[in-house]
Amino acid sequence: MSAHGTPIPMTSRPCGPLNGEAHVPGDKSISHRSLILGAMSVGETIVTGLLEGQDVLDTAKAMQAFGADITRDEDGTWHVYGVGVGGFAEPDQVIDCGNSGTGVRLIMGCMATSDMAVTFTGDASLNKRPMARVTDPLALFGAQSVGRSGGRLPMTVVGAADPVPVRYVVPVPSAQVKSAVLLAGLNAPGQTVVIEKEATRDHTERMLAGFGAEISVVDTPEGREITLTGQPELSAQTIVVPRDPSSAAFPVCAALIVPGSDVLVPNIGLNPTRAGLFETLRDMGADLTYENLREEGGEPVADLRARYSTNMRGIEVPPARAASMIDEYPVLSVVAAHATGRTVMRGVKELRVKECDRIDAMAKGLRACGVTVDEGPDWWEVEGMGPGAMPGGATVEVFLDHRIAMSFLVAGMAAKTAITVEDGGPIATSFPIFEGLMADLGADLVKA
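If you count by this note's numbering, then the sequence shown holds residues 197 to 644, one letter each, in order.
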């Protein structure tokens, strides 16, 4: 069933060429962090281009519960009046983070070094996801947490009354864990150090520096070492959120596999820690070009043009690229099914603890659509069938996962027979305009 109520089945039928401009929503990662750091700053932070999906709206509600004053103008401009580092008030209600793993983990981090007790919950999907990867390092600051067996929500976190700075080596590549520790370090005295062996998306580091925190990043033999000096006074900022590369993945990939398509996706953030999918598609031979390359707000940005590509070939995706495209593997597997030869994806065990086990979900759905898929604990591979050869014709389960739903709706646009997802409701968590945007390009999507 849907994360927010009755299931909403959606069917994607084979369609003609996709053409036009796809104005995708703002970057979800930057949107979350804009609200959180705005709430921890002094003064008024103004945010334009914020992703207004349910995940981000739940984070806005949480920041209001901690005492920040947050308003939205009719033109979509958001105003966050912060309370400063250490200025959070203890919420008088449970913090419901809906479907958002990013939201709950970052919010746990930002309150873990304040003397308060906060209870967190989420929807059925989020409440199955492991939180120990965040609560374990937060315990080093002095925070305590009590949740369901396996370290799952609902969970109460008691922040440290007298926090201490920490030095933490992130055991697996995770921007959420890294960011939670850095946000906790803001209200701890001294220097908090985070070391990651593999680089993950660096929006938190960039934005902390932009808000005035003293932060440095150096490469050492141990890994990428990030040092944050605690208890700064963060200064409010004006933020223009670039458009989300993870959302751009869907119209881009659809254009590559639907005959005759030519789609422009403007103003996409190309942060090197986020652009792995686009590098991979180009390695496969996709007709994907960057136009109008520029920098906005410290982030590289370009317009992406994707055209139907008949000569894509399967490749072995470099495992080192996984962190920069972890959310895009589901839709990449759809493109891989339309390539020639085998696409191998390794170093992707993180996919098994996302909103659902994404490897399992995509493997089951692709097999139902006639595609050969093999998998292991930390890898999977898709046997390409060539352009337009996917049979389709299946109804697939999405396990409350927005990216699984959108991936199979993209698959239906180029399959021989329509593909139905049993619930399109979760799409609203990250890409509420997906259906209308794709329909405007020429997709044939219908709700049952």
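All C-beta atoms in this analysis are idealised placements derived from N, C-alpha and C, irrespective of residue type, glycine included.
| Asked | Found |
| --- | --- |
| CB contact flag (Val220, Asp358, <8 angstroms) | no |
| Pro367 versus Ala444 - alpha carbon distance | 30 angstroms |
| Coarse secondary structure for Met609, derived from DSSP in three states | helix |
| Counted within 10 angstroms of its Cβ, other Cβ atoms place Leu404 as buried (16 or more) or exposed | buried |
| Cross-strand partners of Met581 (DSSP beta bridge) | Thr536 |
| Residue from Ile242, Gly239, Lys612 with nearest C-alpha to Val454 | Lys612 |
| Straight-line gap, Ala614 to Glu571 (C-alpha atoms, nearest Å) | 25 angstroms |
| Cβ-Cβ distance between Leu378 and Val390 below 8 angstroms | yes |
| Residue nearest to Val360 in terms of C-alpha spacing, selected from Trp576, Pro350, Pro333 | Pro333 |
| Simplified DSSP assignment, three categories, for Leu233 | helix |
| Simplified DSSP assignment, three categories, for Asn467 | coil |
| 7 angstroms Cβ shell around Gly346 - same chain, five flanking residues per side excluded | Pro326 |
| Test item: CB-CB of Asp556 and Asn215 under 8 angstroms | no |
| Nearest candidate by alpha-carbon position, reference Ala432, set Val414, Ser227, Leu233 | Leu233 |
| C-alpha distance - Thr616 paired with Gly580, whole-angstrom precision | 21 angstroms |
| Classification of Leu489 by the beta-carbon crowding that lies within 10 angstroms, buried from 16 upward | exposed |
| Lys374 in three-state terms, based on DSSP | helix |
| Close beta carbons around Val290, own chain, < 8 angstroms, minus the five adjacent residues each side | Thr315, Phe316, Thr317, Pro350 |
| Pairwise C-alpha distance: Gly566 and Val279 | 54 angstroms |
| Three-way DSSP call (helix, strand, coil) for Ser626 in this model | coil |
| Own chain partners of Ser375 with C-beta closer than 6 angstroms, once the 5 adjacent residues on each side are dropped | Leu302, Thr400 |
| Three-state class that DSSP yields for Pro333 in the structure shown | helix |
| Simplified DSSP state of Ser198, which is helix, strand or coil | The pLDDT assigned to Ser198 is 42, lower than 50, so where the model puts this residue is not dependable; a value taken from the coordinates is nonetheless given after this. Ser198 falls in the strand class under three-state DSSP. |
| Coil, strand or helix - Arg397 by DSSP | coil |
| Start-to-end residues for the beta strand (DSSP E) that takes in Phe474 | Phe474 -> not in any beta strand (DSSP E); alpha helix (DSSP H) instead, spanning 472–479. |
| Neighbourhood of Val578 by C-beta distance below 6 angstroms, restricted to the same chain and skipping five residues each side | Ser529, Ala532, Ala533, Thr539, Val569 |
| Of the listed residues Gly272, Asn295, Asp269, Gly561, nearest to Gly201 (C-alpha basis) | Asn295 |
| Per-residue DSSP class, three states only, for Asp292 | strand |
| Range covered by the alpha helix (DSSP H) that runs through Val252 | 250–261 |
| Val373 versus Gly456: straight-line alpha-carbon distance, rounded | 42 angstroms |
| Cβ contact check for the stretch 306–313 and the stretch 266–277: 3 or more pairs under 8 angstroms | no |
| Among Arg478, Val414, Asp553, nearest to Leu322 - alpha-carbon criterion | Asp553 |
| The beta strand (DSSP E) enclosing Val484, as first and last residue numbers | First, the residue type needs correcting, since residue 484 is Leu and not Val in the sequence shown. Element bounds for Leu484: 483–492. |
| Local conformation of Ile522 per DSSP, three classes | helix |
| Contact under 8 angstroms by Cβ, Thr396 with Ala380 | no |
| Whole-Å CB distance - Ser230 paired with Ala639, under 8 angstroms assumed | In fact, because the Cβ distance is near 30 angstroms, the residues do not count as touching under 8 angstroms. |
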